[in-house]
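Q: Residue numbers for the sequence shown follow the working numbering, so the first one is 22 and each next one is one higher.
Think of the CB as a built atom: it goes at the ideal place given N, C-alpha and C, for glycine as much as any other residue.
Below is the structure I would like to discuss, written out as structure tokens.
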Amino acid sequence: MALLRFFRNGVIVGSAENQEGVPILDIAEDAGIDIPRGCSSGTCGTCLIKLLSGSVPMPVPLPPGLDDDLVAEGCILGCIGIAEGACDIEINPPL
Ligand code: FES
């Protein structure tokens, strides 16, 4: 089983089993971990989180809610990001 671990300012705040095909934001919500949500479609950037380790491909290379600088910092969008296996995720927005 692959575990998603969620951190806030580097301190672990919770974890949940990854679910195939389920966005990180939905898995976090089911585990009681609060990540802000807006459009749920990769457009607004409200659900911005940072990938500390693991792999979370975006469905398109640069969704509207991200920019090149954010991608370079390891940022992803939780509403459209589906983890490939275990991941560590910083949920405090990096901005
Ligand atoms: S909720 Fe808008 S980009 Fe994720």
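Reducing DSSP to helix, strand and coil, say where valine 92 ends up.
A: helix
Q: Which residues in the same chain as valine 34 place their Cβ atom closer than 6 Å to its Cβ, once the five residues preceding and following it in sequence are excluded?
A: Correct list, in chain order: Phe27.
Q: So is the beta-carbon of arginine 148 under 7 Å away from any non-hydrogen atom of the ligand FES?
A: This structure cannot speak to residue 148, because the chain is shown only from 22 to 116.
Q: Taking leucine 46 as part of the alpha helix (DSSP H), name the residues at either end of that continuous run.
A: 45 to 51
Q: Do you know offhand how far serine 76's Cα is from serine 61's?
A: 20 Å
Q: Just mark asparagine 30 as buried or exposed, buried being the case when its beta carbon has 16 or more other beta carbons within 10 Å.
A: exposed
Q: Taking all protein chains shown into account, decide if alanine 93 is buried (16 or more other Cβ within 10 angstroms of its Cβ) or exposed.
A: exposed
Q: Flag leucine 98 as yes when its Cβ comes closer than 7 Å to any non-hydrogen atom of the ligand FES, and as no otherwise.
A: yes
Q: Under three-state DSSP, which class holds cysteine 108?
A: strand
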